[in-house]
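Colleague: Heads up: the sequence shown at position 114 corresponds to 113 in numbering that gives the first Met the number 0, and the numbers run straight through without jumps.
Quick one: structure below, then a few questions.
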Amino acid sequence: MKTSISIIIPAWNEEKLIPKISNSLRKLILPFKLSEIIFVAGGEDKTFKLCKIQKFPNFSNIIVLKQNKSDFKSGALIKGINASKGEYITLIDADTLVSSNLMIKIAKSLKKFDVVNCNYFPLINKGFWYDYYIINKLIWSKNPANLPSLFGASTITLKRRVLENIGIDNLFTNKSTAGVDYYMGMVLKKNQINIGFIKDARVFTPRPACLIDFIRDYSRWFTAFFQIHQNGRKIIFLTIISSILSITFPFILFLINFNKINKIKTGIKKKIRFFFILFVSEYILSILRINAIIRKFRREPKFLGHFKGIRYH
């Protein structure tokens, strides 16, 4: 292909995961005239040093930039994009593994879309929480042009002209590791960018596999959500009202989730299981939203910094 691609990976305190993602990237098939990989690495461990010694015979160019503590994820991505040369730019989280045919699928999809999001699978054992993420994928992937197309987006690819038209600094939320993908989705939608969801391009990423991790992960995300919408009184008000109603009158939540599950094509037994999982998880999420908004009114935390995240189980 005549096109070129830059893969950017922000990595902070990821020394245990760098060998895993590097091994995954070495298996990528890259049908481009130029393909470069850019690590923006840092932390208190050996992440930066490990990135420096990785070899990628399938890539034309390898760059390792230093990520400072004050960069956070947004700053790291901006730094990587500014150093990139590719016509396509792929953002991959450092804890994510990719399939070997990923770039072939992405290149094909970019002929139709300006931004594409890949089909992710949780790197956890099958069970309650695994099904939760699968359910949400089934629901959101039916409407990829909407904001949730970046739901759980551990891999996003954009055409450079999209970045140039919008402005790199305008595409990322300021000084936060949480809500970065969501904020990108907001900006892309505002600028009427067509987003594609690639069902057969698979990436694999860790997700919370127990209730404690789930609460910790989403508490942080909802805090970021309200920070991003700190001036959006309408969305904050609607979120508060819907959450209070869901907790106070579970039957409303019952009807909403029944409608969601009913649209999924699957057997009756699986629909019942999916409904139970979605109902329970959404009830918990309603409580977490209320807690996050209370923290917002208390004005803490002021901002979200680095996060250890969810690790492989």
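Ideal Cβ positions, reconstructed from N, Cα and C, are used throughout, including at glycine.
#1: What residues are listed by DSSP as bridge partners for T204?
#2: Name the residue from E14, T156, L170 and S245 whose alpha carbon lies nearest to the alpha carbon of G74.
#3: Are the stretch 193 to 205 and the stretch 112 to 123 in contact at 8 Å, needing three or more beta carbon pairs?
#4: Answer yes or no: do S5 and I88 have a C-beta to C-beta separation smaller than 7 Å?
#5: Under a three-way DSSP split, which group does I4 fall into?
#6: Rounded to a whole number of angstroms, what is the C-alpha to C-alpha distance between D130 and I276?
#7: Excluding the five sequence neighbours on either side, which residues of its own chain have a C-beta within less than 6 Å of the C-beta of Q53, listed in chain order?
#8: With a cut-off of 8 Å, do at least 3 Cβ pairs link the stretch 247 to 261 to the stretch 106 to 114?
#9: Where do the N-terminal and C-terminal ends of the alpha helix (DSSP H) with S99 fall, by residue?
#10: Would I267 pass as an interface residue toward chain C - the criterion being a Cβ-Cβ separation below 7 Å?
#11: Figure out for me which residue from S3, A291 and I134 has the closest Cα to the Cα of K326.
#12: For I103 and K259, I'd like the C-alpha separation in whole angstroms.
#13: Tell me whether the beta-carbon of I37 lies closer than 7 Å to the beta-carbon of G85.
#14: When the Cα atoms are used, what is the spatial distance from L244 to I289?
#15: Count the other CB atoms, across all protein chains shown, that sit within 10 Å of the CB of R232; report buried if there are 16 or more and exposed otherwise.
#16: At the level of alpha carbons, what is the spacing between P56 and G166?
#17: Taking only three categories from DSSP, how would you classify L16?
#18: Applying the 10 Å Cβ sphere with the 16-neighbour rule, what's the burial state of K48?
#19: Determine the burial state of R310: buried for a count of at least 16 other Cβ atoms within 10 Å of its Cβ, exposed for fewer.
#20: Whole angstroms are fine: how far does the CA of I194 sit from the CA of L254?
#21: Compute the distance between the beta-carbons of R206 and I267, then report whether it is under 7 Å.
#22: Please name the residue, chosen from Y217, L157, S218 and E163, that lies closest to S108 on a Cα-to-Cα basis.
#23: Shortest alpha-carbon distance to V313 belongs to which of F71, V39, S218 and N190?
#24: With DSSP as the reference, identify every bridge partner of A10, one or two as the case may be.
#25: What is the rounded straight-line gap between the Cα of I235 and the Cα of Q226?
#26: Helix, strand or coil for D216, going by three-state DSSP, please let me know.
#27: Does DSSP classify L109 as helix, strand or coil?
#28: Is G126 buried or exposed, if buried means 16 or more other CB atoms sit within 10 Å of its CB?
#29: Give me the Cβ distance between R7 and L90, rounded to the nearest whole Å; I'm assuming they're in contact under 8 Å.
#30: To the nearest angstrom, report how far apart I315 and S242 are at their CA atoms.
#31: Compare the C-alpha of N81 against each of Y181, T222 and D168 and name the closest.
#32: Run the CB neighbour count on R219, radius 10 Å, all protein chains shown included, and call it buried at 16 or more, exposed below.
#33: For I187, count neighbouring C-beta atoms within 10 Å of its own C-beta (all shown protein chains included) and say buried if the count is 16 or more, exposed if not.
Modeller: The structure says:
#1: DSSP, once it has assigned bridges, lists P121 as partnering T204.
#2: With distances taken between Cα atoms, G74 lies closest to L170.
#3: Result yes; three or more Cβ-Cβ pairs closer than 8 Å.
#4: Cβ atoms of S5 and I88: closer than 7 Å.
#5: Strand.
#6: Approximately 8 Å between the Cα atoms of the pair.
#7: Closer than 6 Å at Cβ, skipping near neighbours: S21.
#8: A contact is defined here as three or more CB-CB pairs under 8 Å, and the stretch 247 to 261 fails this definition with respect to the stretch 106 to 114.
#9: Here S99 belongs to no alpha helix (DSSP H), and DSSP marks it neither H nor E.
#10: Absent from the structure: chain C. Only one protein chain is present.
#11: There is simply no residue 326 to check, as the chain begins at 0 and stops at 312 in what is shown.
#12: CA-to-CA, the gap between I103 and K259 works out to about 32 Å.
#13: No Cβ-Cβ contact shorter than 7 Å links I37 with G85.
#14: Spanning the two alpha carbons is a distance of roughly 11 Å.
#15: By the neighbour-count rule (16 or more Cβ atoms within 10 Å), R232 is not buried but exposed.
#16: For P56 and G166, the gap between their C-alpha atoms comes out near 32 Å.
#17: Reduced to three states, the DSSP call for L16 is coil.
#18: Exposed, because fewer than 16 other Cβ atoms sit within 10 Å of the Cβ of K48.
#19: Low local confidence applies: a pLDDT of 49 at R310 is under 50, so the model's placement there is unreliable, and no value is given.
#20: Each residue's Cα considered, the two are about 29 Å apart.
#21: Contact flag unset, no.
#22: Ranking the options by Cα distance to S108, first place goes to L157.
#23: Because the chain here runs from 0 to 312, residue 313 falls outside it and cannot be looked at.
#24: BP columns for A10 point to A40.
#25: Their backbone Cα atoms lie some 10 Å apart in a straight line.
#26: Here D216 carries a helix assignment [DSSP, helix/strand/coil].
#27: The answer is coil: DSSP assigns L109 none of H, G, I, E or B.
#28: Taking every protein chain shown into account, the CB of G126 has fewer than 16 other CB atoms within 10 angstroms, so this residue is exposed.
#29: Strictly speaking, residue 7 in this sequence is Ile, with Arg absent from that position. Right, the Cβ-Cβ distance comes to about 5 Å (below 8 Å), so this counts as a contact.
#30: Nothing can be reported for residue 315: it is not among the residues displayed for the chain, which extend from 0 to 312.
#31: Nearest option by C-alpha distance: D168.
#32: Counting Cβ neighbours within 10 Å, R219 comes out buried, since at least 16 surround it.
#33: Looking at the sequence shown, residue 187 is not Ile but Leu. Residue burial annotation: L187 is buried, with at least 16 other C-beta atoms found within 10 angstroms of its C-beta.
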